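The numbering of the sequence shown is our numbering, which starts it at 13 and goes up by one.
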Amino acid sequence: TIMRASGTLGTGISIAAGVSNVTIMNGAISSNGGTLTTGISAPGVNSGILIDNVTIVGATTCFNLTNVRGFSIKNAQTLTCTTGLSLTTCTNGNVSDSAFDGASTAGITMQTTCKGIQFTDVSASDSGIGLDITAGGATGIVCTNFMAVNNATGINVASNGNKFVNCNTSNNTVNGIDVITPAAGNTFIGCNAGGNGGDGVNIASTGTGNTFENCTAGGNTTHGFVVGIGNSFAKCSVNGGTNGFEATVAML
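What follows is the structure, given as structure tokens:
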């Protein structure tokens, strides 16, 4: 199924609230030079949503899921949008083998107590922010082989208890990873945050209990790691760049 907007189209496909067990496969939704507000929308209390092999071009928000409990997105692609994937109060989801690139604001944004969502082999690059976990209540987010490069900031985390494994947040114009208030208890394993225009990893002075293992942050313009307070670093390297590990003002 190919849907193209002529002039103004609010939403390409809207899944009504309360509807479950919906499959959308093998299609493209494009603004075709017109105005497309949302590519695919699930506005609330849905479950069992499967989106597979769908490309959305030119939407303000390409995929917009709210209060969806149990979903799978795979082989998805977004192009020329404001936000690639927006998740609000969603739980128990899997996103894999997908690219949410080229978004002017954020490739992926999660808001308001998203829980138990896994990202595997996903790209959010060439955007304002690659992955923006803005909600302090978002927890149990697991990113594996996640790529967030050539953004302003690669990954922005403001929540607790999430895990990032083998993620690449290099070559962003500002920071590779921002861990901001009230983020605590997040784990980063085998991640690369090198070659960024600011810091590789910047942890806010109030961010505590975050763990970095076998991570690299070399060749950044400002610092490798800005370490915050009460965070741990094991077998991390900072070869190249201006400074390696930098204490925050609160630690001095």
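Backbone N, C-alpha and C fix where the C-beta goes; we use that ideal spot for every residue, glycine too.
None of these values were measured; they are calculated from a predicted model.
Suppose the cutoff is 6 Å on Cβ atoms and the five residues either side in sequence are ignored; what does the same chain contact list for residue i look like?
{"i": "G197", "result": "N172, G173, G221"}
{"i": "L21", "result": "L48"}
{"i": "L99", "result": "L77, M122, C126"}
{"i": "A29", "result": "P55, G56, V57"}
{"i": "I129", "result": "G105, I153"}
{"i": "T185", "result": "A164, G209"}
{"i": "G149", "result": "T125"}
Let me make sure I understand the geometry here. Which of the options has the alpha-carbon closest to that of residue i?
{"i": "T23", "options": "D64, F237, G70, L62", "result": "G70"}
{"i": "L91", "options": "G240, A136, M37, D64", "result": "A136"}
{"i": "F176", "options": "S84, G82, L143, T234", "result": "L143"}
{"i": "S84", "options": "M159, S139, N33", "result": "N33"}
{"i": "F131", "options": "T101, D138, V107", "result": "V107"}
{"i": "L97", "options": "A40, N232, N168, I120", "result": "I120"}
{"i": "D133", "options": "F112, N157, C179, T124", "result": "N157"}
{"i": "N162", "options": "F200, A195, D113", "result": "D113"}
{"i": "T223", "options": "G45, D211, T199, T35", "result": "T199"}
{"i": "N44", "options": "S26, I68, I25", "result": "I68"}
Contact defined as beta carbons within less than 8 Å: I believe residue i pairs with residue j. What is the distance between those atoms, to the nearest angstrom?
{"i": "T214", "j": "C248", "result": "Checking the displayed sequence, the identity of residue 214 turns out to be Asn instead of Thr. Going by Cβ atoms, the distance from N214 to C248 rounds to 14 Å, so no, they are not a contact pair."}
{"i": "N208", "j": "G230", "result": "N208 to G230, Cβ: 10 Å. No contact."}
{"i": "R275", "j": "T103", "result": "The chain is shown from 13 up to 264; residue 275 falls before or after that span and cannot be answered."}
By Cβ distance below 7 Å, which residues in the same chain neighbour residue i in space, the five residues on each side in sequence not counted?
{"i": "A262", "result": "Because the pLDDT of A262 is 36, which lies under 50, any placement of that residue in the model is unreliable, and the number read from its coordinates should be weighed accordingly. Once the five neighbours on either side are set aside, the close Cβ partners of A262 are S217, I241."}
{"i": "M159", "result": "S135, S137, N180"}
With a threshold of 8 Å on Cβ separation, who are the neighbours of residue i within its own chain once the five nearest residues in sequence on each side are excluded?
{"i": "M37", "result": "L62, I63, D64, N65, V66"}
{"i": "L264", "result": "Low confidence applies here, because L264 scores a pLDDT of 28, under 50, leaving its location unreliable and the question unanswered by this model."}
{"i": "T193", "result": "A170, A216, T218, G219"}
{"i": "S116", "result": "C93, T94, S139, G140"}
{"i": "S182", "result": "V161, G166, G188, N204, A205, G206, G207, N208"}
Unbroken beta strand (DSSP E) runs of length 3 or more, entirely within the stretch 128-161: which are they? Runs of the beta strand (DSSP E) spanning 3 or more residues and lying entirely within the stretch 128-161 occur at 141-145, 154-156, in chain order.
Entirely within the stretch 222-246 and at least 3 residues each: give me those beta strand (DSSP E) ranges in chain order. DSSP runs (the beta strand (DSSP E)) wholly in the stretch 222-246: 223-225, 235-238, 244-246.
List in chain order: all unbroken beta strand (DSSP E) runs of 3+ residues lying wholly within the stretch 42-72. Within the stretch 42-72, the complete beta strand (DSSP E) runs of at least 3 residues are 47-54, 58-69.
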